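Notes follow once the structure below has been shown.
2 protein chains.
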Amino acid sequence: MGLNSLAAKMMEIAGPENVLTSELDMYTYSYDSSFHSGLVQLMPEVVVKVKNTAVIARIMQFAFANEIPVTPRGAGSGQTGGSVPANKGILLDLSCWDMIEEIDAKNLQVMVRPGVVHSRLNQALDPYNLFFPPDPGSTKMATIGGMVSNNSSGLRAVKYGNTSQYVLGLEVVLPDGEVIVTGGISSRAMKSVSGIDLTRLFVGAEGTCGIITKVRLKVLPKPAARGILTALFDRLEDSGETVLEVFQAGILPSGIEILDSTAIKAANLFKPELNIPVAEAMLLFEIDGNRPSVEHDGMLLQDIIKKRAKNVEWATEKDRMTKLWEARGVIGSASARVKEGATRVFAGEDITIPLEKVPQALKRIKEIAKKYGIIVVIYGHVGDGNMHTAPIIDPADRNEVQKTLELAHEIHRLAIELGGSTTGEHGVGIVRRPYMREEHGNALDLMLKLKKTLDPRGIMNPGKIWPLEGE
Amino acid sequence: MGLNSLAAKMMEIAGPENVLTSELDMYTYSYDSSFHSGLVQLMPEVVVKVKNTAVIARIMQFAFANEIPVTPRGAGSGQTGGSVPANKGILLDLSCWDMIEEIDAKNLQVMVRPGVVHSRLNQALDPYNLFFPPDPGSTKMATIGGMVSNNSSGLRAVKYGNTSQYVLGLEVVLPDGEVIVTGGISSRAMKSVSGIDLTRLFVGAEGTCGIITKVRLKVLPKPAARGILTALFDRLEDSGETVLEVFQAGILPSGIEILDSTAIKAANLFKPELNIPVAEAMLLFEIDGNRPSVEHDGMLLQDIIKKRAKNVEWATEKDRMTKLWEARGVIGSASARVKEGATRVFAGEDITIPLEKVPQALKRIKEIAKKYGIIVVIYGHVGDGNMHTAPIIDPADRNEVQKTLELAHEIHRLAIELGGSTTGEHGVGIVRRPYMREEHGNALDLMLKLKKTLDPRGIMNPGKIWPLEGE
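Line order of the protein sequences matches chains F and G.
Basically my numbering = 1-based index in the first sequence + 713.
Basically my numbering = 1-based index in the second sequence + 713.
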């Protein structure tokens, strides 16, 4: 189909005001936050801004009939190329569909459209003393649609798990334009075991099986109190041992974060007033619950941590907590500071390692970084073994770019070797396709069969998740 | 295939000592705990006791080639006919495969075979100060394989959710005999978003998509303390309001159970020393956490509950907690006592209602019971809207049997009408098949497509979940 007739058709379906076709616009939509999208330019042919299920259904009917690829997109804050159009076609921008349709406080659930930004949802829930527990870190960017599509987790997964377990139901437009509702067509139930679990077939499918147009989410009563503990370790093993001992003591922190020596250095460079002493690792624990519970766990936590750590500090007062959390909060922006004029790129950045092997993984990642002569800042959700490794490079230096790709490859391989996963929360997208076979063996064949059943013409977000020939 | 040659083939594959063929044995396996299996006799042709993945794979290859139905079975404690062979063929008894393969405490997970009984798993975890949170009530019977296949939840789902969210990975024998591992072929990761979520396609599929031969479960640090509160209400609405207010106060109890007036009566008849005063409803709350947390929530809980309830009692001492919990504990056995010589049957017994509508549902269920002149004892997991309605009848009375079936039908319809589900935790099995279309609309068509992809010859536990022609 010619480009003009495709655009004309989209204008007819969605209204001309919602259709973008200029080269500059297409260029904008060729990026997400991945390293990959900076290296390989993947542009859509047309962008449609949509906030209507019936319109999306018509677009999908048309795309299905004409075998045109469709890529759904939220905030574009993903780090795997998941929302850039790998094979041209139509890009559906759902970020504008940011309606919180209903806060059904009495049934502990909310109904939202896919474009709702995470922080706004929690703001809206606050007056009801409710909250949506998963926190992707990128709370001011990430959309609920993106979180559901990637099964995001982030800072609080240790205690509260991932997005998947909060999704009670979905409205989904299938590749052929049919609209279904999962979890019961008119359900407000908090649990049901009726039928196979269609909901979780779309959660984490990264838009490769259908377009999520509405999400019914379970929410929880908001804990009354919080406490933050920070501690420094001179040996990586000690930080790992400490995490295990905290669990053994019966404490389930809402979050356990780690900054390694490079991340500490980056934080200090970015905010010299933080003035964190030199150490191999910094651990940050967040405890939540009622006030006496937080105080109790805080005391117990300090007892455990002081055995192996230095500079242990525990705070329950708001300003001090904010201060202590700052080292973790700034790390995304700070990491690039470890090298003059360099940039932090997202490559091999969210592997998961079995808890017991986290110290070993940290050492191996440092060795890999050394081998390639690339600075890698390491931090992450150590409470569930989810590590963020941030290569700091000059993206204009082709040699460094090549070395970074090789480094990321070795980090991915390391994750599989240690019994972990190449992606704990960011998804497969384009960049982890090559590891699908190694990670899943013949289970991948079943995934492919199911994908074929759901999307027989292969038009839904092609080029993502599923390995290409020879990969 | 003739019966003798089928049995001979099974003996060849699994060893003669593991194959049952006598009529008495077949009769035994024609029952689960459902009302249905007492009314309609559904017998297998051959029973194979199996504890080996390779053997199961060979059985499935043979069954696939010869289009012979295969029904997997755990303890047979299900209440929907899910584990009785609706269409003859081979019954695989997995209850003997009760090996806890590994407690990997450092990675907060366990590897078990499907026949492990729930209470034994938690006993084995206890020395590690870990626990598997879902508690199906039938803890001394239910197997982990059955719990995963039904996505069980039970007493602690309010706080800890259902079985699904603890399943990190599965080994599954597919209908054609192929063996896959979901969640990563050699993974010990606590989280991964690599690929579509195959794991949760088998969780809750009631054995209609494959045979679960191994389960990798996430476990949690065990809370140090518990508290139990009981309270009586003269108005059903007050019990409903109280539950909502507890959530609004930021309290997340590990369990909230209800006994209605008939259940209170039954408990008193069964154990006169309980001596519960006459009331419309009794609520039981379980709070867990560290000791100060439990005490804090206990105080707050009492303040809230005393507004509307009488006979409020709070206990944290072990013997007293056991005593308070007794009214709930005995109800399964006690309910039949409300009518001389009668039996409690499982029909329409686990609907889920949106929290807000629970009082309304309780009233309507009482009206339905009155209409049919059947005594219905009502209790259940009111914290997530999951009600257990127990008809107390003489199963030899054909008139009462017929009325019970009609009553169960109205209860199922009521659940759907109120925005709930026909099954909160027991599954569809045979008995909720007729409600699948009403509950899921066209989403059922997608389920059927996926089922066809997974089981093209329809040999996996036929007659379960999927509506028959005209249903």
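Don't be surprised by glycine CBs; every beta carbon is placed ideally from N, CA and C.
Computed from a prediction, not measured in an experiment: that's the story for all the values here.
Cβ-Cβ distances below 8 angstroms link Ser-907 (chain F) to Gly-897 in the same chain, with the five nearest sequence neighbours on each side left out; the list follows chain order.
Taking a Cβ-Cβ threshold of 7 angstroms, none of the residues of chain G is close to Gln-792 (chain F); the smallest such distance is about 12 angstroms.
Per DSSP, the unbroken beta strand (DSSP E) holding His-1094 (chain G) starts and ends at 1088-1094. Counted as a single uninterrupted DSSP element, the alpha helix (DSSP H) harbouring Thr-1035 (chain F) occupies residues 1031-1042. Counting only residues of its own chain and dropping the five nearest sequence neighbours on each side, Tyr-879 (chain F) has a CB closer than 6 angstroms to the CB of Leu-930, Lys-931. Phe-960 (chain F) reaches chain G at Leu-821, Pro-934, counting residues in chain order whose Cβ is nearer than 7 angstroms.
Judged by pairs of C-beta atoms under 8 angstroms, the region 880-891 of chain G does not touch the region 723-738 of chain G, as fewer than three such pairs exist.
A contact between stretches requires three or more CB pairs, one per stretch, nearer than 8 angstroms, and the region 835-847 of chain G fails this requirement with the region 1064-1074 of chain G. Under the Cβ criterion of 9 angstroms, Tyr-1092 (chain G) is not counted among the residues facing chain F. Under the criterion of beta carbons closer than 8 angstroms, Thr-955 (chain F) and Ala-870 (chain F) do not qualify as touching, at roughly 19 angstroms.
In the pairwise beta carbon analysis, the region 774-792 of chain G is classified as touching the region 744-753 of chain G: at least three pairs are separated by under 8 angstroms. About 25 angstroms separates the Cβ atoms of Cys-809 (chain G) and Asp-1168 (chain G), ruling out a contact at the 8 angstroms cut-off.
Counting only runs of 3+ residues, the beta strand (DSSP E) found wholly inside the region 779-835 of chain G occupies 783-786, 803-806, 813-817, 822-825, in chain order.
Counting only Cβ-Cβ distances below 7 angstroms, Arg-913 (chain F) has contacts in chain G at Asp-910, Arg-913, in chain order. No Cβ-Cβ contact shorter than 9 angstroms links Ile-1018 (chain G) with Met-995 (chain G).
Comparing alpha carbon positions, the residue from F:Met-1149, F:Thr-1166, F:Gly-1098, F:His-1139 closest to Asn-864 (chain F) is F:His-1139. Under the three-state reduction of DSSP, Ile-1143 (chain F) is assigned to coil, being neither helix nor strand.
For Pro-1104 (chain F), the enclosing beta strand (DSSP E) stretches over residues 1099-1106. Taking each of G:Ile-1091, G:Lys-762, G:Ile-803 in turn and checking the Cα distance to Asn-717 (chain G), the smallest one comes out for G:Ile-803. At a beta-carbon threshold of 8 angstroms, none of the residues of chain F lie near His-749 (chain G); the nearest stands roughly 17 angstroms away. Under DSSP, Met-995 (chain F) forms a beta bridge with F:Leu-945, F:Leu-972.
Per DSSP, Leu-965 (chain G) lies in no alpha helix (DSSP H) segment and is marked neither H nor E. Its chain contains Ile-989, Ala-992, Met-995 as the residues whose beta carbon lies nearer than 7 angstroms to that of Ile-977 (chain G), once the 5 sequence neighbours on both sides are disregarded; these appear in chain order. The C-alpha of Lys-762 (chain G) is placed about 5 angstroms away from the C-alpha of Asp-806 (chain G). If you check each beta-carbon in the region 885-902 of chain F against every beta-carbon of chain G, the ones closer than 9 angstroms belong to Val-885, Leu-887, Glu-891, Val-892, Ile-893, Val-894, Thr-895, Gly-896, Gly-897, Ile-898, Ser-899, Ser-900, Arg-901, Ala-902. Residue contact with chain G for Thr-1136 (chain F): present (Cβ-Cβ distance below 9 angstroms to some residue of chain G). For His-1009 (chain F), the residues of chain G that pass the 8 angstroms Cβ criterion are Asn-1003, Arg-1004, Pro-1005, Ser-1006, in the order they occur in the chain. The C-beta distance from Val-1007 (chain G) to Thr-1029 (chain G) rounds to 6 angstroms, short enough to fall under 8 angstroms.
By the CB criterion at 9 angstroms, Ile-1078 (chain F) and Phe-777 (chain F) fall outside the cutoff.
Per DSSP, the continuous beta strand (DSSP E) segment holding Arg-929 (chain F) begins and ends at 924-931. Spanning the alpha carbons of Val-825 (chain F) and Pro-846 (chain F) requires a straight line of approximately 15 angstroms.
Residues of the same chain with a CB within less than 6 angstroms of the CB of Arg-1057 (chain G), apart from the 5 flanking positions on each side, are Ser-1048, Ala-1049, Ala-1103, Ile-1105 in chain order.
Selection F:Pro-785, F:Ile-781, F:Asn-779, F:Glu-758 evaluated against Lys-764 (chain F) yields F:Pro-785 as nearest (Cα-Cα). Sixteen is the threshold: when 16 or more other Cβ atoms of the shown chains lie within 10 Å of the Cβ of Leu-821 (chain F), as they do, the residue is buried. Here Thr-1035 (chain F) is exposed: its Cβ has fewer than 16 other Cβ atoms, across all protein chains shown, within 10 Å.
Residue G:Ile-769 holds the alpha-carbon nearest to the alpha-carbon of Lys-927 (chain G) among G:Asn-981, G:Leu-997, G:Leu-933, G:Ile-769.
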